[in-house]
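Visitor: Letter by letter, the sequence shown follows residues 144 to 328 of our numbering. The C-beta atom is built at its ideal place from N, Cα and C for all residues, glycine as well. Sharing a structure with you now.
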Amino acid sequence: MFDPTIFDNLKVVFEGALYDLDHDRRLLVSGREDLVDLAAMARQFRMQVRKPDSEVYATLILKSGLIDFAGELRSVRTADELPGCELEIHFQLPAEKAARAVENERHLQEVWGEVASSRHELSTVLMADPASAGKNGLHVAEPTIPGHYRISLRFRSKIDEDNITDVEPLLQHLVATMEFLDEAE
Numbered sequence: 144m145f146d147p148t149i150f151d152n153l154k155v156v157f158e159g160a161l162y163d164l165d166h167d168r169r170l171l172v173s174g175r176e177d178l179v180d181l182a183a184m185a186r187q188f189r190m191q192v193r194k195p196d197s198e199v200y201a202t203l204i205l206k207s208g209l210i211d212f213a214g215e216l217r218s219v220r221t222a223d224e225l226p227g228c229e230l231e232i233h234f235q236l237p238a239e240k241a242a243r244a245v246e247n248e249r250h251l252q253e254v255w256g257e258v259a260s261s262r263h264e265l266s267t268v269l270m271a272d273p274a275s276a277g278k279n280g281l282h283v284a285e286p287t288i289p290g291h292y293r294i295s296l297r298f299r300s301k302i303d304e305d306n307i308t309d310v311e312p313l314l315q316h317l318v319a320t321m322e323f324l325d326e327a328e
């Protein structure tokens with residue numbers, strides 16, 4: 144038997160809480176990844192969710208690396224940093240919702256500003272299916288082909304088992320933020 148790491152404990156709590164929201168039909172789990180990077184000796188857990196009947200997706204990402212594992216298991220410390228996990232939340236929306244980026248950022252600052260920093264990105268499609276291009280070569284997409292609008296929240300501090308009681312309120316804020324982003328027109 145082994146002693147689970149901070150990462151393992153947090154992953155189980157987040158996963159269970161997100162599946163509870165799925166069971167209650169408040170969110171729908173649409174993707175799950177549990178990744179191990181053997182080259183960097185790092186782990187990453189991702190769960191993607193969306194609101195029913197919505198084009199707004201959120202991906203919760205939990206990360207931990209070798210320094211955190213060594214710090215936890217062997218009490219190795221670097222620069223007085225305690226071991227833990229990094230947490231990120233990415234919201235993906237239709238591109239047209241980027242027109243409300245300033246209002247979205249105000250909302251994010253009210254809800255998440257003390258604990259996370261945000262970044263807004265807009266992608267566009269420049270080339271539509273190059274494989275289907277005719278003998279005349281590649282075709283540049285019309286500017287009307289939408290991309291997507293992505294908002295990334297990166298939490299300023301690592302989290303650990305002391306933050307397990309914060310998972311439920313954090314996910315309630317996630318649901319409320321998704322509702323705000325979906326209703327914004």
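Which residue wins for smallest C-alpha separation from P237, given the options M321, V254, S207, R189?
Guide: Selected option, being the one with the closest Cα: M321.
Visitor: I'd like the span of the alpha helix (DSSP H) that includes D165, first residue to last.
Guide: Its alpha helix (DSSP H) spans residues 149-166.
Visitor: Taking N247 as the reference, give the member of L314, F234, G159 with the closest Cα.
Guide: When only C-alpha atoms are compared, the closest one is F234.
Visitor: Does the distance from the CB of V318 to the CB of L153 come in under 9 angstroms?
Guide: No, these two residues do not count as a Cβ contact at 9 angstroms.
Visitor: Is K330 helix, strand or coil by DSSP?
Guide: The displayed coordinates of the chain run from 144 to 328. Any statement about residue 330 would go beyond what the structure contains.
Visitor: Let me know if R186 comes out buried or exposed under the rule of 16 or more other beta-carbons within 10 Å of its beta-carbon.
Guide: The residue is buried, with at least 16 neighbouring Cβ atoms inside 10 Å.
Visitor: Per DSSP, which residues does M190 bridge with? Please list them.
Guide: Answer is R175, L203.
Visitor: Any Cβ of chain B within less than 9 angstroms of the Cβ of E264?
Guide: Within the model displayed, chain B is absent; a lone protein chain is all it includes.
Visitor: Just reading off the beta strand (DSSP E) that E229 is part of, what are its end residues?
Guide: Element bounds for E229: 229-237.
Visitor: Which residues in the same chain have their Cβ closer than 6 angstroms to the Cβ of M144, if we skip the five residues on either side of it in sequence?
Guide: In this prediction, M144 has a pLDDT of 46, which is less than 50 and means its spatial position is unreliable; what the coordinates show is noted afterwards. Counting only Cβ-Cβ distances below 6 angstroms, and skipping sequence neighbours, we find nothing.
Visitor: Would the beta-carbon of V172 fall within 9 angstroms of that of V192?
Guide: The answer is yes: Cβ separation under 9 angstroms.
Visitor: Nearest to E239 by alpha carbon, out of L203, R293, D163, D223?
Guide: Here the closest residue by C-alpha is R293.
Visitor: To the nearest angstrom, how far is the alpha carbon of E224 from that of L269?
Guide: E224 and L269: Cα-Cα distance of roughly 43 angstroms.
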